[in-house]
Every structure is written in structure tokens, then in C-alpha cells.
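Chains as they are written, first to last, in our numbering: chain W, 481 to 598; chain R, 1316 to 1708.
Have a look at the structure below, then the notes.
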Amino acid sequence: MEYMLMIFSDPEGWARLTPAQAAEGMAAYGAYHEALQKAGVLRSSARLRPGSTATTVRLQSGKSQVLDGPFIETREQLGGYFRIEVADLDSALSWAARCPGAAHGVVEVRPVWAMGEP
Amino acid sequence: MLAARTRDVAAAEDALSDALAAALAEWPGRGVPDSPEAWLLTVARRKFIDALRRQRHDDEAAAQLQWLSDHSTDGDHDRALPDRQLGLLFACAHPGIARDVHAPLMLQVVLGFDAATIASAFLVAPAAMAQRLVRAKTKIRQAGIGFDVPAADALPGRLDAVLEAIYAAYAEGWSDPEGADARRRNLADEAIWLCRLLASLLPDEGEVLGLLSLMLHAHSRRDARRDAQGHYVPLSEQDPARWDAAMIDEAEALLRRANASASPSGRFQLEAAVQSAHAVRRHAGHVDWRAIAGLYDALCALTASPVAALNRAVALAQSCGTTAGLTALQALVGDPRLQQYQPYWAARAELLARHGDVAGAQQAYQQAIGLEREPAVRRHLQQRAASLGLSNA
């Protein structure tokens, strides 16, 4: 089964860290990424720039509308994701618990809905 | 316990949670009774009968009510109730019930934890945990799993499952050193409580005493695992003055009793003995690593557990030198059961670093950091890696 581990956290939190703490935090993500790779479960991952850099597009009555900012304004924003392939939800949760994001934010675990799957 | 009488686990639980609510309402005023568990069960049984009376139209309920009334005289709970509690523990850890549900089931049925709390502790989705518990209870009812203490010849095998489940509950509680999650902190205490109950009912079983000793030893060091700033302190650097001396004394006495018992030393007695050898540091000032290596030899022979083999390698490194430790560790390289086990990578990193293999140590530390759940331990590992004078990737 494929799962998306989505990290929601307050980008202000990162901004408040000292350079040394931020480096340690990044290194923890690096090590986590590597552990996922070594375990052979990592499909893809990405870190996203903060919601302040977001632009939203929608089509309304045939016209595209472009808005500045994220779809939902919340303190905790989607900051990145890990897409993993594991046996079941329990394994996905055990990887989510190891994600540094679980300590400084929350990690939402969602099964990936593959194309064509009912 | 209550279910032992009625065979209806769900109804027994409801009655028990009513009793707990009554207890919480009464105890602050009247004080905790001398024997809280017997008191709780008496109240629970009354509530259960009340509940059954309310739904008398149900034939089965009426039959159970009749059965309960027949068997419940107010004097009999002193001796009989703990035995039923014991029987219930055995039912929860019955071989017919999936192994990974044993501990959660005990927590719910014997201690009244709700499914969501248990799910959090065992890192399982709440809906999935609730489903597993319901399925297990249905199985107990439909398969007619009895709430009896197994006969002497079947006891050792059945007892192992009970002890393992209690230890699993303890381990989940133990893994929350900051005590940030009160529900998980309780889990460790509750596991010790369950084991005490077991030890009082089976006072001659060496492994029961061994497990209780093991958990008390671990528990005695609970607060010493963090310094004032909340940083992780590894066992070897802990200040023995911060260990709970009374708890260690109790653990030592239990271990002596276990050794005096007729049964051969099992896994938990050996593990308790390892903890005891660590606790010696509070008087001797040092740890007897040679004795620990010997104990892990015995554990490896007994259980063939890769974790025991890992600990044996670490003990060998301490008693016979880094090379001996690394040689023992080499035999474990590639063991799939250790690939996602943080302590394996941390131990490997430590030994490689001592051996001068800085690059290998760095790689192993990265793996350990990536697998660790606790932020404080993760930071500790990162600092160890950085102290090698390496660029901390």
C-alpha cells in the first residue's frame, strides 16, 4: 500500500530556531529520508516553501482566477510530504512517528488512491 | 474478573467503567478503600446486576443475572475475585487470540482503558484497534475460551504469553520518558500493577518474579533518563543518586526470590539479572560487564533473539575490547529483524567510532537518527555524531 505522510507545521516555528538548531532539524530530516531509502519504502518526497509563497488557481465560469496565498489560511501549513510504500497502515504509522515532523507539527497519513482503483 | 463470572466481556466492561466513575466520585471524600480492586469489583458487580435488571427482557441477560445472584454472596470476593482476574489475564493471552492483541485486550478488559488510548499507545489507528478488540472479544465468546487458570502442565506455556503481553504494555509506557503523554505514562505503572497482581497469585513462579524485578529495575531509572534541561542521559552516564533506591531494593529482593524458586531461570529472570548488574554501579562505582556478557550468552542460547545478540556484542566490547564487540556484531549485519531497530545502528556507530572507522560510524549514526522516535534521543545521537568531528549531514 502507498501512503502519503503529510507534514503540517507552523513555518514560524522554523524561523524562530537558532541557525544551529535549524541545521540540527534539517539533519534530522536528512537522516529520516535516508532511513526510508535504506528500508526501501520511499517513493518520493518534497519540502514545500511556506504558504506565503503560494498562488491559487481556479476556473470560474470559464475564466481562470488566480489568487495570492494558500487555499486555506491556517497557522499550521502543509510543509512537505513523504510518499511511501509499506505493507499496511500500522507500518505507515510507525514511519510517521519517526518523522521529525511528528515532533514539531503533525503528520497526516493518507492512503494513496491509485488511478483506476475503485 | 467480572467477566469471569458472566462470560460477557462487553457488559462487564461497561459495569466496570461505571464502577470506576463511582470510585472517582467517592474516593476523594471517603478515602481509598484498603483493597481498591476488590471494592471496585464489588461495585462493578452490583452495577452489572443493576444494568441487567434494567434489560430483563433479554433472556440471556436474565440467565446471567440468575447465575450472578446464585454465585454472589457478599463474603466471597476476598479470595475468589483475584483468581477470576487471573483467569481473565489468561483468557486475554490465549493462543487462540492474535498475539498483537494480547496486551491491548488486557488493558481494556482488566484495566478498563478505552480503545482510543490503547491505540495511541501502540501506534495503531483508533478504528483499527477498536475493531481488533471487538473481534478478539467476539472470539472469546464464540469460541468459548474459558476464564480459568490453566492446569499446572499447561501453565508455563500459557504464562509466557501473559508475561509477554504485560511486558509489551510496559515497554509502550516506558518509551515516553518525558511523561508528556499521561496516558502512556500510566501504561508502565499499570503493567507493574498487573505483574504485582500476578506475583501475588502465583508467588512461586520464577518468571513472574523475574518480570516484576525487571520492570522495577527499569522503572527505578525512569527520572534519571533526562537531565534538568530535558536532555537524554544514557544509562552509563546516569547519576545513580537519581535512581529510586527503594525500587531497586525491591527488584533485588524479587530476583533473589526468583532464583530460589524451583523453576529454571527464564528470559525475564536473566534480563532482570542484567539490570541488577547495572544497578551494582550505585555501590561499586562500576559495572560488571563480564557478568553481563555471560548473562547475554545465556539469553542468546535461550531465546535466539537478535536483540539479545546485539546486547551481548555491546557487553563484549565493554569487557573484552572493541574488536571482540565488533566481531560479534559482524554476525548480525544484514539481519532483517534489526534493520529498523535504532539501538542496533547506534551500537554499531559507537563501536565503529571507537575502532576509528569514522565514515562507517557516521553512516550508522545517520541510520540511527533517521529511525529514532523520541526527539531527545534523536538530538543525543546527532550530538554524538557531531562530536566525532564530522560534518553533521
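Cβ coordinates follow ideal geometry from the N, Cα and C atoms, glycine included.
On a predicted model such as this, the values are computed, not experimentally measured, just so you know.
In the DSSP output, what is residue i paired with across the bridge?
i, result
"S489(W)", "Q557(W)"
"Y1547(R)", "R1541(R)"
"D548(W)", "T535(W)"
"R563(W)", "M484(W) and S524(W)"
"P1690(R)", "Beta-bridge pairing links P1690(R) to no other residue."
"K543(W)", "Q540(W)"
"V1622(R)", "BP columns for V1622(R) are empty, so no partner."
"R1669(R)", "Its beta-bridge partners do not exist; DSSP assigns none."
"E588(W)", "M486(W)"
Rounded to whole angstroms, what is the Cα-Cα separation between residue i and residue j?
i, j, result
"L485(W)", "D1542(R)", "32 Å"
"S1620(R)", "L1647(R)", "11 Å"
"E1665(R)", "Y1659(R)", "10 Å"
"E553(W)", "C1510(R)", "50 Å"
"S532(W)", "S574(W)", "31 Å"
"R1669(R)", "A1632(R)", "10 Å"
"F551(W)", "R538(W)", "10 Å"
"I1364(R)", "R1688(R)", "Low local confidence applies: a pLDDT of 47 at I1364(R) is under 50, so the model's placement there is unreliable, and no value is given."
"T607(W)", "L528(W)", "Missing from the structure shown is residue 607(W); chain W here goes from 481 to 598 and no further."
"H1695(R)", "H1546(R)", "7 Å"
"S1551(R)", "H584(W)", "29 Å"
"R1571(R)", "A1514(R)", "14 Å"
"P1555(R)", "A1594(R)", "8 Å"
"V434(W)", "S1702(R)", "Examination of residue 434(W) is not possible in this model, given that chain W is present from 481 through 598 alone."
"G542(W)", "G1685(R)", "48 Å"
"A1577(R)", "L1569(R)", "14 Å"
"A567(W)", "E1565(R)", "43 Å"
"F1437(R)", "Y1482(R)", "13 Å"
"V1283(R)", "L1667(R)", "Chain R is shown only over 1316 to 1708; residue 1283(R) falls outside these bounds and no answer can be derived."
"L1367(R)", "I1507(R)", "Unreliable positioning characterises L1367(R) in this predicted model, as indicated by a pLDDT of 44, which lies under 50. The coordinate reading is nonetheless provided below. Between L1367(R) and I1507(R), the C-alpha separation is close to 33 Å."
"T1638(R)", "A1606(R)", "19 Å"
"A1413(R)", "A495(W)", "47 Å"
"K518(W)", "R1450(R)", "36 Å"
"A1628(R)", "A1588(R)", "17 Å"
"R590(W)", "D1429(R)", "24 Å"
"D1504(R)", "Y1485(R)", "8 Å"
"Q1400(R)", "G1525(R)", "21 Å"
"A508(W)", "V587(W)", "15 Å"
"P499(W)", "I487(W)", "21 Å"
"W1489(R)", "A1676(R)", "28 Å"
"G1427(R)", "G1472(R)", "26 Å"
Is there a C-beta anywhere in chain W that falls below 8 Å from the one on residue i?
i, result
"G1521(R)", "no"
"I1684(R)", "yes"
"E1687(R)", "yes"
"P1690(R)", "yes"
"Q1633(R)", "no"
"A1676(R)", "no"
"R1693(R)", "yes"
"V1439(R)", "yes"
"Q1544(R)", "no"
"Q1681(R)", "yes"
"A1431(R)", "no"
"K1484(R)", "For the record, residue 1484(R) in the displayed sequence is Ala; it is not Lys. No, A1484(R) does not count as interfacial toward chain W."
"Q1590(R)", "no"
"A1630(R)", "no"
Does any residue of chain R have a CB that is nearer than 8 Å to the CB of residue i?
i, result
"L569(W)", "yes"
"A577(W)", "yes"
"K543(W)", "no"
"A495(W)", "no"
"S525(W)", "no"
"K597(W)", "Lys is not the amino acid found at residue 597(W); the sequence shown has Glu there. Chain R contact via Cβ: absent."
"L528(W)", "no"
"L573(W)", "yes"
"A502(W)", "no"
At a threshold of 7 Å, does residue i count as lining the ligand ZN (C-beta to nearest heavy atom)?
i, result
"V546(W)", "Ligands in the displayed structure: none, and consequently the ligand ZN is not present."
| task | Jot down the residue ranges of each uninterrupted alpha helix (DSSP H) in the segment 1425–1464 of chain R, minimum 4 residues, whole runs only, in chain order. | result | 1430–1436 and 1441–1457
| query | Given 8 Å as the limit, is there contact between the segment 1408–1420 of chain R and the segment 1454–1465 of chain R, that is, 3 or more CB pairs closer than that? | reply | yes
| message | If contact is defined by three or more beta carbon pairs under 8 Å, each pair taking one atom from either stretch, is the segment 1415–1427 of chain R in contact with the segment 1531–1539 of chain R? | response | no
| message | Which complete alpha helix (DSSP H) runs does the segment 1562–1649 of chain R hold, if anything under 4 residues is left out? | response | 1582–1594, 1596–1599, 1604–1618, 1621–1635 and 1637–1645
| task | Starting from the N-terminal side, write out each stretch of the alpha helix (DSSP H) that is 4 residues or longer and does not extend beyond the segment 1471–1537 of chain R. | result | 1497–1516 and 1521–1535
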